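Q:
In full-length UniProt numbering, the protein residues as written are 1 to 438.
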């Protein structure tokens with residue numbers, strides 16, 4: 001296999017919703033109450049039910065020189081167009097040799113957690129969730145057939161309504177939902193509670209993957225205000241390990257044995273020890289904890305039900321036999337600061353070239369195509385799905401991938417010779433919150 005022969009499908013990217021995302025899909029009785037963009041003190045912010053939310057375009061720094069990664073966009077003009085325009089996104093995917101993409105939301109929160117907060121406006125919140133789902137499917141994914149894996153949001157406050165939304169979207173070919181890795185931290189029942197059974201059943205019945213992105217429940221903690229922000233960035237993926245253990249011991253796998261979930265942007269290098277520790281725990285403590293896996297080990301449950309993914313993870317790739325190569329996928333993370341655009345194929349090839357071709361095929365696309373019911377070959381033809389074929393399209397169209405300096409935005413305060421700290425970043429976010437308040 002050569003680099004040009006790779007087929008890359010990313011199961012963790014992000015879309016910045018364009019200003020009109022909700023307007024066309026909101027039901028008539030809620031017209032005028034849909035989430036919309038307003039300008040506040042030079043910032044583009046989303047407003048819903050009287051609340052201005054979000055730091056517009058957080059981390060949408062793709063296309064900037066790395067020296068400007070600390071510059072947070074304040075509006076659409078500060079972002080590369082591919083972050084929010086679907087046709088420009090496809091151009092950027094072609095330039096990066098990426099065939100398929102699963103895109104998490106931005107304004108709603110990666111798991112739609114922002115819409116769960118309006119206890120006095122559940123009807124309009126549900127309408128907004130459904131409007132988002134319709135925009136994401138029809139205006140984003142279906143605008144480029146074969147290029148995206150659609151994913152839906154659900155209302156957490158009503159499991160029956162959530163199941164109905166899963167069923168509604170599945171009829172249109174949606175086989176993924178975004179969900180919190182720990183909804184209990186948002187004031188909802190634990191994943192161990194039967195409250196969620198209608199959701200698990202609907203997902204199992206429709207072959208829908210539950211996608212839990214880092215930061216949607218458990219969050220990486222800042223060690224102190226004086227700690228370099230690098231320390232916090234380092235710990236972000238591993239922060240989901242606590243939730244991973246919780247899901248291993250959760251009851252839904254016995255009730256719904258075909259159910260699958262994904263730990264999104266969690267990396268894979270830490271998983272061998274987690275599974276070793278889980279099996280050790282079960283072996284040493286099951287006699288008094290009453291834990292039972294029906295004769296299986298905790299690591300078996302993980303390998304059968306939990307999909308993982310990574311951006312760069314050489315250690316994990318060297319230890320796939322301890323993780324389970326049939327449930328590992330790759331991610332680009334466009335347009336966030338960890339993404340490898342526009343050089344993803346080169347980065348992937350450097351890490352993968354020592355692996356057997358069959359393993360490369362599995363991890364780069366086959367596992368994802370199977371688990372997400374995604375078949376771009378049937379639409380586009382396999383010969384048009386390789387890195388080489390996609391990049392040829394980008395070259396023919398003249399897509400420019402060179403870094404763009406001076407795109408604008410807000411930067412943390414810096415002092416020469418002093419590292420940017422957690423305190424600096426938190427202060428920037430606090431200022432942003434003050435400037436977006438109505």
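Where a beta carbon is used, it is the ideal one built from N, C-alpha and C, also for glycine. Bear in mind that the values here come from a model prediction, so they are computed numbers and not experimental data.
#1: Relative to the C-alpha of residue 173, which residue among 390, 421, 372 and 414 is closest?
#2: Excluding the 5 residues flanking residue 439 on each side, which residues of the same chain have their C-beta closer than 7 Å to its C-beta?
#3: Checking the sheet assignment: what are the DSSP bridge partners for residue 263?
#4: With C-beta atoms as the reference, is residue 417 less than 9 Å away from residue 5?
#5: What does DSSP give as the partner residues of residue 444 in its beta bridges?
#6: Would you kindly check if the distance between the Cβ of residue 198 and the Cβ of residue 159 is under 9 Å?
#7: With residue 53 as the anchor, note down where its alpha helix (DSSP H) starts and where it stops.
#8: Could you tell me the distance, in whole angstroms, from the CA atom of residue 81 to the CA atom of residue 385?
#9: Tell me which residues share the same chain as residue 70 and place their Cβ nearer than 7 Å to its Cβ, disregarding the 5 neighbours each side in the sequence.
#10: Taking the alpha-carbon of residue 303 as reference, which of 144, 317, 280 and 272 has the nearest alpha-carbon?
#11: Hey, would you say residue 301 sits closer than 9 Å to residue 262, going by beta carbons?
#12: Count the other CB atoms, across all protein chains shown, that sit within 10 Å of the CB of residue 438; report buried if there are 16 or more and exposed otherwise.
#13: My output table needs one value for residue 48: the three-state DSSP class, helix, strand or coil.
#14: Taking the alpha helix (DSSP H) that residue 344 belongs to, which residues open and close that run?
#15: Note down, one range per segment and in chain order, each alpha helix (DSSP H) of at least 4 residues found wholly within the region 60-111.
#16: I believe residue 223 touches residue 274 by the beta-carbon criterion, under 8 Å. Please report the beta-carbon distance rounded to the nearest angstrom.
#17: Write down the C-beta distance between residue 268 and residue 316 rounded to the nearest angstrom, noting that I regard them as a contact closer than 8 Å.
#18: Taking the alpha-carbon of residue 229 as reference, which of 18, 432 and 423 has the nearest alpha-carbon?
#19: Can you tell me which of 139, 113, 145 and 98 puts its alpha carbon nearest to the alpha carbon of residue 378?
#20: Helix, strand or coil: how does DSSP classify residue 227 here?
#21: State the beta-bridge partners of residue 177 as determined by DSSP.
A: Well, looking at it:
#1: 372
#2: This structure cannot speak to residue 439, because the chain is shown only from 1 to 438.
#3: 212 and 308
#4: For residue 417 and residue 5, no; Cβs fall outside 9 Å.
#5: No answer is possible for residue 444: the residues shown for the chain start at 1 and end at 438.
#6: yes
#7: Not the alpha helix (DSSP H): residue 53 falls in the beta strand (DSSP E), residues 51-53.
#8: 23 Å
#9: The answer, listed in chain order, is 411, 412 and 420.
#10: Per the Cα distances, 272.
#11: no
#12: exposed
#13: strand
#14: 344-352
#15: 86-95
#16: With a Cβ gap of about 22 Å, residue 223 and residue 274 do not count as contacting.
#17: 3 Å
#18: 423
#19: 145
#20: If DSSP states are grouped into helix, strand and coil, residue 227 belongs with coil.
#21: 152 and 210
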